[in-house]
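Q: Shown below is the structure under consideration.
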Amino acid sequence: MAEAVLTTPRSAPELRPHGAAAPAPGPWTQVRALGEMTKARLSSLVLVTAASGYALGLPDGLPLSYAQLGWLLLGTAFAAFGANALNQCLERHHDAAMERTRGRPLPSGRVGLPLALVWSLSLLCGGTALLALRSGSFAAVLALAVGVLYVAAYTPLKRRTSLATLVGAVCGALPPLIGWAAASGGELGPGAWVLFAILFVWQIPHFLAIDWYYRDDYRSGGYRMVSGVDASGRFGGYLTVLYSLALLPITLLAPRLGLGGALYLAGAVGLGLGLVALSVLLWVRRDRAAARGLFLGSIVYLPLLLGLLVLDPAPL
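FYI, in my numbering the residues of the sequence shown are 60 to 375.
Below is the structure:
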């Protein structure tokens with residue numbers, strides 16, 4: 060879903076005299092590097108959306124099973140970790156060219172490519188298998204589809220077209236369907252597609268904020284982002300406002316389809332207007348502070364909105 064955290068960039072790997080051999084990384088260094096490749100913290104939103112889909116997809120009268128939810132989250136986490144790590148395997152040369160990412164495990168030499176590939180594929184396949192065994196075949200297929208789409212489509216497209224953002228948004232919008240499928244036995248009702256639409260549209264201003272903040276880095280890495288074809292930032296700012304506005308009616312549609320009550324409705328309006336305000340601020344100011352504000356605001360927006368849906372599920 061979110062593919063960056065707005066933090067201070069990692070320092071570049073230490074320079075060695077010409078011809079000097081790089082010291083072999085120790086076992087614990089490699090273990091820590093493999094763990095870092097999973098982007099566990101960034102995957103937390105994936106788990107939040109999958110859990111929300113599970114809670115909202117339970118048939119009427121069926122109590123929530125914490126064991127089933129636990130297996131769902133474990134399998135989804137492994138699959139997400141594997142996709143994140145495999146993405147870094149494919150982008151290692153581009154990561155080395157960007158200040159923000161050159162300190163990652165592969166560009167910095169803290170882990171070798173063969174081990175990283177085995178680790179990545181084991182996580183992705185293991186997570187998919189766990190979902191198939193404990194959450195149903197449809198949930199497993201959806202999780203595998205996310206991984207394949209993310210690695211085989213979104214990753215290479217980022218260097219060819221700015222429209223790759225839309226492909227990435229599809230990847231990020233599928234986890235709630237994984238949870239819904241696990242809860243319902245593989246049936247996706249209208250509410251599931253409302254969740255998909257909310258997640259899809261939400262990601263556009265979220266991604267564009269990251270894009271603007273790291274526009275120089277993305278250009279150095281050879282990525283064709285919106286900021287790369289819109290140096291002034293006006294068009295990117297316009298898109299953030301447009302998609303933030305589009306998110307409002309989509310979130311308000313949920314109660315009409317059986318999701319959310321009065322409390323959710325009031326919260327959706329307030330949160331939506333706040334996101335629009337942050338998007339307008341980026342459109343007007345077009346600076347890193349406004350981009351960071353929108354990024355952080357979008358991170359706060361999503362779990363609050365989904366939390367309201369889960370806590371106030373009764374339709375109006």
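C-beta: ideal position from N, C-alpha, C; glycine also.
Sort A136, L267, G134 by Cα distance to D289 and report the nearest one.
A: L267
Q: According to DSSP, is E95 helix, strand or coil?
A: helix
Q: List the endpoints of the continuous alpha helix (DSSP H) containing P235.
A: 234-243 is the span of the alpha helix (DSSP H), which, as asked, contains P235.
Q: Taking the alpha helix (DSSP H) that A349 belongs to, which residues open and close that run?
A: First-last of the alpha helix (DSSP H) with A349: 347-370.
Q: Tell me the start and end of each unbroken alpha helix (DSSP H) in the segment 81-144 that is at least 4 residues and wholly inside, in chain order.
A: 86-96, 103-116
Q: Can at least three beta-carbon pairs, one atom from the segment 276-291 and one from the segment 309-322, be found at a separation below 8 Å?
A: no
Q: Out of curiosity, what's the CA-to-CA distance linking T246 and L117?
A: Looking at the sequence provided, one finds Glu at residue 246 rather than Thr. Spanning the two alpha carbons is a distance of roughly 10 Å.
Q: Evaluate contact between the segment 101-112 and the segment 138-147, counting only Cβ atoms and requiring at least three cross-stretch pairs below 8 Å.
A: yes
Q: Measure the beta-carbon distance from P234 to G112 and round it to whole angstroms, keeping in mind my assumption that it falls under 8 Å.
A: 7 Å
Q: Starting from the Cα of L316, find the closest Cα among V253, G292, Y273 and give me that residue.
A: V253
Q: Excluding sequence positions up to five away, which residues of its chain have a Cβ less than 7 Å from the Cβ of L216?
A: A223, V226
Q: What's the gap between the Cα of L355 and the Cα of L106?
A: Cα to Cα, the separation comes out at about 18 Å.
Q: Measuring only between beta-carbons, confirm whether G112 sits less than 7 Å from chain C.
A: The structure shown has no chain C; it contains just one protein chain.
Q: Contact defined as beta carbons within less than 8 Å: I believe L115 pairs with V369. What is the distance between those atoms, to the nearest angstrom?
A: 7 Å
Q: Which residues in the same chain as S194 place their Cβ atom closer than 8 Å to its Cβ, once the five residues preceding and following it in sequence are excluded?
A: Q127, W130, L131, G134, I237, A240, A241
Q: In chain order, what residues of the same chain have a beta carbon less than 6 Å from the beta carbon of A232, not counting five sequence neighbours either side?
A: F255, L258, F259
Q: Would you be able to state if there are at least three C-beta pairs under 8 Å between the segment 90-97 and the segment 158-172?
A: yes
Q: Roughly how many whole angstroms lie between the Cα atoms of A80 and L174?
A: Unreliable positioning characterises A80 in this predicted model, as indicated by a pLDDT of 44, which lies under 50. The coordinate reading is nonetheless provided below. Rounded to the nearest angstrom, the two C-alpha atoms are 20 Å apart.
Q: Pull up the distance between the alpha-carbon of V207 and that of T187, whole angstroms please.
A: 12 Å
Q: So A211 is in the alpha helix (DSSP H); what residue range does that whole segment cover?
A: A211 -> no alpha helix (DSSP H), and no H or E assigned at all.
Q: Between A191 and A199, is the Cβ-Cβ spacing less than 7 Å?
A: Result yes, Cβ atoms of A191 and A199 sit closer than 7 Å.
Q: Between the C-alpha atoms of G185 and A202, what's the straight-line distance to the nearest angstrom?
A: 11 Å
Q: What did DSSP end up calling S179 once you bin it into helix, strand or coil?
A: helix
Q: Can you grab the Cα-Cα spacing for the pair V170 / G352, in whole Å?
A: 34 Å
Q: Could you say which of P372, A348, W261 lies nearest to V359 if we only look at CA atoms?
A: W261
Q: So for G320, helix, strand or coil by DSSP?
A: coil
Q: Report, in whole angstroms, the separation of the C-beta atoms of M157 and G295, which I expect to be a contact under 8 Å.
A: Contact flag wrong, Cβ pair sits at about 19 Å.
Q: Compare the beta carbon distance of G326 and L367 with 7 Å and say whether it is the shorter of the two.
A: yes
Q: Is it right to say T108 is buried, meaning 16 or more other beta carbons lie within 10 angstroms of its own, or is it exposed?
A: Around the CB of T108, 16 or more other CB atoms lie within 10 Å, so the residue is classed as buried.
Q: Determine the direct distance from the alpha carbon of D276 to that of D154, and round the result to whole angstroms.
A: 10 Å
Q: Where does S221 sit, in a helix, a strand or coil, going by DSSP?
A: Of the three classes helix, strand and coil, the one that applies to S221 here is coil, per DSSP.
Q: In whole angstroms, what is the alpha-carbon distance linking L337 and I263?
A: About 14 Å.
Q: With 16 as the cutoff for other CB atoms within 10 Å, does G292 come out buried or exposed?
A: buried
Q: How far does the alpha helix (DSSP H) with P249 in it extend, from its first residue to its last?
A: Boundaries of the alpha helix (DSSP H) around P249: 249-272.
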